[in-house]
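Undergrad: Just so we're aligned, residue 113 is where the sequence shown starts under the working numbering, counting upward by one. Cβ coordinates follow ideal geometry from the N, Cα and C atoms, glycine included.
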Amino acid sequence: MEKILIIDDDLEIISLLKDIFSDEGYVVYTANNSEKALELINKAPNIILLDVMMPGKDGFELCKEIRSIVTCPIIFITAKVEENDIINGLAIGGDDYITKPFSIREIRARVKAHLRRDKRDVEKENNFLLFKNLKIDLCTREVFYFEKEVSLTKREFDIIELLALNKGQVFSKERIYDKIWGYGAEGDCSTVAEHVKKLRAKFHCINDNFNYILTVWGVGYKWNTKEEGNH
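1. Taking the beta strand (DSSP E) that L115 belongs to, which residues open and close that run?
2. Out of D208, E254, K247, which one is the CA nearest neighbour of I159?
3. In this structure, does DSSP put V223 in helix, strand or coil?
4. Leaving out five residues on either side along the sequence, give the residues of the same chain with a beta carbon under 7 Å from the beta carbon of F315.
5. With distance defined between alpha-carbon atoms, name the residue in R287, Y324, E136, A276 nearest to C175.
6. Name the residue from K115, V140, M166 whose alpha carbon lies nearest to the alpha carbon of D122.
7. Would you mind sorting G341 into buried or exposed? The rule is 16 or more other CB atoms within 10 Å of its CB.
8. Any idea if L161 is buried or exposed, counting beta-carbon neighbours within 10 angstroms, 16 or more meaning buried?
9. Per DSSP, which residues does Y141 bridge with? Please list them.
10. Apart from the five residues just before and just after L246, which ones in its own chain have a Cβ nearer than 6 Å to its Cβ?
11. Quick one: give me the first and last residue of the alpha helix (DSSP H) that L129 is part of.
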């Protein structure tokens, strides 16, 4: 049974959303502040609905704090609709935005769509990630594309692994750099773009249709959850 964590300081919205998703058969956890939300993270939710404008620690700050702990989709629910707010929310690990006031039908559809996307396209069997024409062996750290092995450096494989294990989630260059190179590493996040460029080139040598690593302009990169796409 899938679990939803709803975080909002508006008790009426919490009550409304809890009723909606409980009726749909989900297990629903609720928190009206960041401290309570942090206590509920160990429930391993399948998706998080997160209000941005909360007293104390806001939704953006909370997202940054929990994103290294959870890999599930995070949907921001907010009245903040400026482009910079949306870009900031995606850059720190959010997956989607729903603006207030929201439609019940829309929020139901968005949640279902993210949960479907989180399940499909990748089949994890033993230590393999299997995509169309792409196989990633997490144990031996080998990658095969159209049944041909792709020789990757340690950092290149780390980038592939991070994105593929968190399909559809947008990662900023800064976040990729911190996760793979480590906090306090010498250098800067511009090296991430160079590694992605080299990665794509290696796959394109085998087949030009490699579209799994997508650029999210102004934000960073994500793993394409469709079999085909633009890069």
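TA: On the basis of the supplied data:
1. In the sequence shown, counting from the first residue as 1, residue 115 sits at position 3. Leu is not the amino acid found at residue 115; the sequence shown has Lys there. Residues 115–119.
2. For the purposes of this step, residue 159 is taken as residue 47 along the sequence shown, with counting starting at 1. Comparing Cα-Cα distances from I159 to each of D208, E254, K247, the minimum goes to D208.
3. Taking the sequence shown and counting its residues from 1, one reaches residue 223 at position 111. Note: V223 maps to helix in three-state DSSP.
4. For the purposes of this step, residue 315 is taken as the residue at position 203 of the sequence shown. Apart from sequence neighbours up to five positions away, the residues of its chain that approach F315 with a beta-carbon distance below 7 Å are Y257, V262, F322, ordered along the chain.
5. Locating residue 175 in the sequence shown gives position 63, where the first residue counts as 1. The candidate whose alpha carbon is nearest that of C175 is R287.
6. Counted from its first residue, the sequence shown places residue 122 at position 10. Here the closest residue by C-alpha is M166.
7. Residue 341 sits at position 229 when you count from the first residue of the sequence shown. Because the pLDDT of G341 is 40, which lies under 50, any placement of that residue in the model is unreliable, and the number read from its coordinates should be weighed accordingly. An exposed status is given to G341, since fewer than 16 other beta-carbon atoms sit within 10 Å of its beta-carbon.
8. By one-based count along the sequence shown, residue 161 stands at place 49. The residue is buried, with at least 16 neighbouring Cβ atoms inside 10 Å.
9. Walking along the sequence shown from the start, residue 141 turns up at place 29. For Y141, the pairing in a beta bridge is given by DSSP as L117.
10. As a position in the sequence shown, residue 246 is number 134, starting the count at 1. Hits under 6 Å: Y257.
11. Within the sequence shown, the letter at position 17 stands for residue 129. For L129, the enclosing alpha helix (DSSP H) has its first and last residue at 123–135.
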